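Undergrad: Protein chains in written order, with our numbering: chain A, 1437 to 1766; chain B, 159 to 409.
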Amino acid sequence: MSGEAARISAHLTRRARWGAGEIAFWIGLVALIFVAPSRALLINEILIAGLFALSLDLILGYAGIISLGHAAFFGVGAYGAAILASHGINDPIVGLVIASLIAGLVGLASAPLVLRGSDLTRLMVTLGICLMLGELANKNSWATGGADGLSLELTPIFHLFPIGFTGQRNAALYSLAVLFLLFALARRIVQSPFGLSLRGLRENRLRAGALGISAPRRLIAIYALAAVYAGAAGALVAQTTQIVSLDVFDFHRSADALLMLIIGGTGFLYGGIIGAALFIAIKDGLSTATPEYWEFWIGLLLVALVLAGRERIGARIAGLLPRRARGSAA
Amino acid sequence: MNAPALETRGLACRFGGLIATDNVSLNLAPGARHALIGPNGAGKTTLVNLLTGMVKPTSGQVLLQGEDVTALSAHARVRRGLSRTFQINQLFPDMTPAEQLCLAVGERLGEGGNWRGIAGADRAMASEVEDLLRRFDLMSVMDQPTRQLAYGRQRLLEIALALASRPRVLLLDEPAAGVPEGERADILAALAALPADVTILLIEHDMDLVFRFAQRISVLVAGRMLMEGSPAEVAADSRVREVYLGADAHG
Ligand SMILES: Nc1ncnc2c1ncn2[C@@H]1O[C@H](COP(=O)(O)OP(=O)(O)OP(=O)(O)O)[C@@H](O)[C@H]1O
Ligand SMILES: [Mg+2]
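Dropping the structure here:
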């Protein structure tokens, strides 16, 4: 490769390398679980919410698809894991994989509906699908337990590490492992030619078309992938709390994920995790002090962030982390 | 005798009561340097939209390399070698020039669905992007966000993106629009350096540019083809002078 071509290649692939700050971030998460085992429950909640918000980032931040019903896939994943467990599939990992794939299939089936029309239609279609699935879960109590919900009996991970209330630290580590693997996959995908084409579609749909990009197939693919991720988050909640009830389909779950993502910043993968951490930490910190009032502060933060425009807290925090070395021309 | 690179037969397009394109028949030989001129609102951009499939005609046909592509989608026509630029920049403002050229080249290579590789990692891609950057004098700004580039550079990137698709027919919609006098030479140089085997339809208000570039000129007025001829014939035509060149200092 000529010097210039190597420099161009280094520029194009500059985000593909893991930076020191990123590695520190993940090691820090592992350390946190061991340093603060008493907070494992809260950390687990943050990790799962982070995965769910990451899933939303894949469609909102990378494909520009806005959704108010993302809990549909979260719910399918949660119920999928619970129903599998009640039918003798008690291995958490097997249950998680199958439940996520089922959520992905629901995503694949609903994607063509969601991709039609304007942002407003999209909000309504996603919301409507989530309502429908929630009501299906409510009415088919023979499978879902209806309003009573379902509890899960699971074998320990690798038959060694029990998760759930007797193993809260194991549960948090399990969630972290799943989050990390899915994060690493997402990170890879957004660096791929497919990921670049999604960016193109989001930034300028007209020009993307003029370059020969056919939008629907690409958008359906990322939508289904995001559904898999949301399903995994739902399955994790069901498995680590060992119970699932209709609230997995709640509107507030979709809305909270959107808030977390806006707080943390869209389109850079870490935004969902950072936003989830801030959101849940604020909620946890303030709701013990002023139980009724924490939403006021979340609301204030949200308004401030949105009005402040592009100044994202998440991006700021990322900016404080050590910059990864720039690729040098060979 | 080769089929025309691009041909239209009785092409028409209505927007409600407005006839934006009225029975237009156009014929571009392979490798042609053809200009399309006409006053504001004549329907030049609409014609480009019809040719590329971004707007569906009310009637008539578009033929590419002798094949009827009227029913094909815009992206399918791109894959058959028809590319365009836009009168108003249509770039990817948050990407760098290198990134968007990588996107365009990758799409041409059918790589856009590949989710396992890393965009821009292979050397063939890097050298093709390098070639495009050099050709359009964008090397020094290749890693800057496009929104920060000088307007003239953005106009060059507009052409580079279209060329990255390796078109056989290239439609340029006012490439010099809004470019200050001093930077027009850069655009003209870029146009002159376009590959000779690419068939080009140039839309432009700058008559200097048109007369230096084109071998044939078509004049569109109110959606209709007024005339087609050599630059000398068009310059000498009294009707053209009246509707178009009369108001122009270069006439
Ligand atoms: N999508 C549309 N819907 C309705 N009317 C349209 C549409 N696109 C173009 N027109 C109308 O068609 C006519 C031709 O417009 P067009 O943009 O093709 O002209 P033009 O020759 O490119 O002009 P200019 O030199 O100003 O770029 C105008 O009257 C315009 O208002
Ligand atoms: Mg125009």
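We put the beta carbon where it would ideally sit given N, CA and C, even for glycine.
Fair warning: this is a prediction, and the values are worked out from it, not measured in the lab.
For a cutoff of 9 Å on Cβ pairs, would you count Glu-1458 (chain A) as touching chain B?
TA: So, not an interface residue.
Undergrad: Spell out the partners DSSP gives Phe-173 (chain B) in its beta bridges.
TA: For Phe-173 (chain B), which the question treats as bridged, DSSP gives the partners B:Leu-176.
Undergrad: Would you call the region 1557-1566 of chain A in contact with the region 1502-1516 of chain A, where contact means no fewer than 3 C-beta pairs closer than 8 Å?
TA: Contact holds: three or more Cβ-Cβ distances are below 8 Å.
Undergrad: Can you give me the C-alpha to C-alpha distance between Leu-194 (chain B) and Glu-165 (chain B), rounded to a whole angstrom?
TA: Computed Cα separation, rounded: 14 Å.
Undergrad: Anything in chain A within Cβ reach of Val-236 (chain B), meaning under 9 Å, just list it in chain order.
TA: In chain order: Gly-1645, Ala-1646, Leu-1647, Gly-1648, Ile-1649.
Undergrad: Against chain B, which members of the region 1608-1642 of chain A pass a CB distance test of less than 8 Å?
TA: Within the region 1608-1642 of chain A, the residues whose Cβ lies closer than 8 Å to some Cβ of chain B are Arg-1624, Ile-1625, Gln-1627, Ser-1628, Pro-1629, Phe-1630, Gly-1631, Leu-1632, Ser-1633, Arg-1635, Gly-1636, Glu-1639, Asn-1640, Leu-1642, listed in chain order.
Undergrad: Buried or exposed: which applies to Ile-1444 (chain A), given that a residue is buried once 16 or more other Cβ atoms fall within 10 Å of its Cβ?
TA: By the 10 Å Cβ count, Ile-1444 (chain A) comes out buried.
Undergrad: How would you label Asp-406 (chain B), buried or exposed, when you count the other beta carbons within 10 angstroms and need 16 or more for buried?
TA: Confidence is the limiting factor: at Asp-406 (chain B) the pLDDT is only 49, short of 50, which leaves the residue's position unreliable, though a coordinate-based value still follows. Exposed is the call here.
Undergrad: Going along chain B in order, which residues have a C-beta closer than 7 Å to the C-beta of Ala-1441 (chain A)?
TA: Arg-281, Ala-284, Ser-285, Glu-288, listed in chain order.
Undergrad: Examine chain A for any beta-carbon lying closer than 9 Å to the beta-carbon of Ala-407 (chain B), and answer yes or no.
TA: Low confidence applies here, because Ala-407 (chain B) scores a pLDDT of 42, under 50, leaving its location unreliable; read the following figure in that light. So, not an interface residue.
Undergrad: For Asp-295 (chain B), which option in B:Leu-261, B:Gly-264, B:Ala-256 has the closest C-alpha, if you only look at C-alpha atoms?
TA: Out of B:Leu-261, B:Gly-264, B:Ala-256, B:Ala-256 has the C-alpha closest to the C-alpha of Asp-295 (chain B).
Undergrad: Could you compute how far the alpha carbon of Arg-1762 (chain A) sits from the alpha carbon of Ser-298 (chain B)?
TA: Confidence at Arg-1762 (chain A) is low in this model, with a pLDDT of 33, below 50, so its placement is unreliable and the value that follows should be read with caution. Straight-line Cα distance between these residues: approximately 17 Å.
Undergrad: Closer than 8 Å is the cut-off here; do at least three beta carbon pairs connect the region 1670-1682 of chain A with the region 1512-1520 of chain A?
TA: Counting Cβ pairs under 8 Å, three or more are found: they touch.
Undergrad: Where do the ends of the alpha helix (DSSP H) carrying Arg-1635 (chain A) lie?
TA: Per DSSP, Arg-1635 (chain A) belongs to the alpha helix (DSSP H) from 1629-1639.
Undergrad: Suppose the cutoff is 6 Å on Cβ atoms and the five residues either side in sequence are ignored; what does the same chain contact list for Gly-1662 (chain A) look like?
TA: Checking the sequence shown, residue 1662 (chain A) turns out to be Ala, not Gly. Cβ neighbours of Ala-1662 (chain A) beyond the five flanking positions: Ser-1491, Leu-1494, Ile-1495.
Undergrad: At a cut-off of 8 Å, would you count Glu-316 (chain B) as near ligand 1, judging by its Cβ distance to the nearest heavy atom?
TA: No, ligand 1 has no heavy atom inside 8 Å of this Cβ.
Undergrad: Would His-233 (chain B) pass as an interface residue toward chain A - the criterion being a Cβ-Cβ separation below 9 Å?
TA: So yes, His-233 (chain B) belongs to the interface.
Undergrad: Taking Ser-1564 (chain A) as the reference, which of A:Phe-1685, A:Phe-1594, A:Leu-1590, A:Phe-1715 has the closest Cα?
TA: According to the sequence displayed, residue 1564 (chain A) carries Gly and not Ser. Closest by alpha carbon: A:Phe-1685.
Undergrad: Closest Cβ-Cβ distance between Ile-276 (chain B) and chain E: below 9 Å?
TA: Absent here is chain E; the protein component of the structure consists of chains A and B.
Undergrad: With 9 Å as the threshold, decide whether the Cβ of Thr-1702 (chain A) is near any Cβ in chain B.
TA: Judged by the 9 Å Cβ criterion, Thr-1702 (chain A) is not in contact with chain B.
Undergrad: Taking any Cβ of chain A, which residues in the region 257-272 of chain B have a Cβ under 8 Å from it, in chain order?
TA: If the cut-off is 8 Å between Cβ atoms, the region 257-272 of chain B has Glu-257, Gln-258, Cys-260, Leu-261, Ala-262, Gly-264, Glu-265, Arg-266, Glu-269, Gly-270, Gly-271, Asn-272 near chain A.
Undergrad: If we call anything under 9 Å between Cβ atoms a contact, is Gln-223 (chain B) one with Leu-1642 (chain A)?
TA: Taking 9 Å as the Cβ cut-off, Gln-223 (chain B) and Leu-1642 (chain A) do not qualify as a contacting pair.
Undergrad: Residues bridged to Ser-226 (chain B) by DSSP?
TA: Reading off the sequence shown, one finds Asp at residue 226 (chain B), where the question assumed Ser. Paired residue(s): B:Leu-221.
Undergrad: Quick one: does the C-beta of Ile-361 (chain B) sit closer than 8 Å to a heavy atom of ligand 4?
TA: By its list of ligands, the structure shown excludes ligand 4, since it contains just ligand 1 and ligand 2.
Undergrad: Can you determine whether any heavy atom of ligand 1 sits closer than 8 Å to the C-beta of Lys-214 (chain B), and answer yes or no?
TA: It does not: the Cβ of Lys-214 (chain B) is nowhere closer than 8 Å to a heavy atom of ligand 1.
Undergrad: May I ask you to check if the CB of Phe-244 (chain B) is nearer than 8 Å to at least one heavy atom of ligand 1?
TA: No, Cβ of Phe-244 (chain B) sits at least 8 Å from all heavy atoms of ligand 1.
Undergrad: If we require 3 or more residues per run, which beta strand (DSSP E) segments fall completely within the region 327-364 of chain B?
TA: The region 327-364 of chain B contains these whole beta strand (DSSP E) runs: 327-331, 357-361.
Undergrad: Please list the terminal residues of the continuous alpha helix (DSSP H) segment that includes Gly-1648 (chain A).
TA: No alpha helix (DSSP H) contains Gly-1648 (chain A), which DSSP labels as neither H nor E.
Undergrad: Any C-beta of chain A sitting closer than 9 Å to the C-beta of Ala-322 (chain B)?
TA: Ala-322 (chain B) counts as touching chain A.
Undergrad: If we ignore side chains and look at the alpha-carbon of each, how far apart do Gly-1645 (chain A) and Glu-1639 (chain A) end up?
TA: If you take the alpha carbons of Gly-1645 (chain A) and Glu-1639 (chain A), they lie about 12 Å apart.
Undergrad: How close, in whole Å, do the beta carbons of Ala-1476 (chain A) and Ala-1608 (chain A) come, if the pair is a contact with beta carbons under 8 Å?
TA: With a Cβ gap of about 4 Å, Ala-1476 (chain A) and Ala-1608 (chain A) count as contacting.
Undergrad: Give the residues of chain A in contact with Leu-319 (chain B), contact being defined as C-beta atoms less than 9 Å apart.
TA: Ordered by position in chain A, the residues that pass the 9 Å Cβ test against Leu-319 (chain B) are Arg-1643, Ala-1646, Leu-1647.
Undergrad: When you compare the CB of Pro-1758 (chain A) with every CB in chain B, is at least one pair closer than 9 Å?
TA: Annotation note: pLDDT 48 at Pro-1758 (chain A) (below 50); position unreliable, coordinate value reported separately. Not closer than 9 Å to any Cβ of chain B, the Cβ of Pro-1758 (chain A) fails to qualify, so no.
Undergrad: Decide if the region 273-282 of chain B is in contact with the region 365-377 of chain B; the criterion is three or more beta carbon pairs, one per stretch, under 8 Å apart.
TA: The region 273-282 of chain B is not in contact with the region 365-377 of chain B.
Undergrad: Using a Cβ cut-off of 8 Å, pull out every chain B residue sitting near Ala-1452 (chain A), in sequence order please.
TA: Correct list: Ile-276, Ala-279.
Undergrad: Under a CB-based cut-off of 9 Å, is Ser-1438 (chain A) close to chain B?
TA: Yes - at least one Cβ of chain B is within 9 Å of the one on Ser-1438 (chain A).
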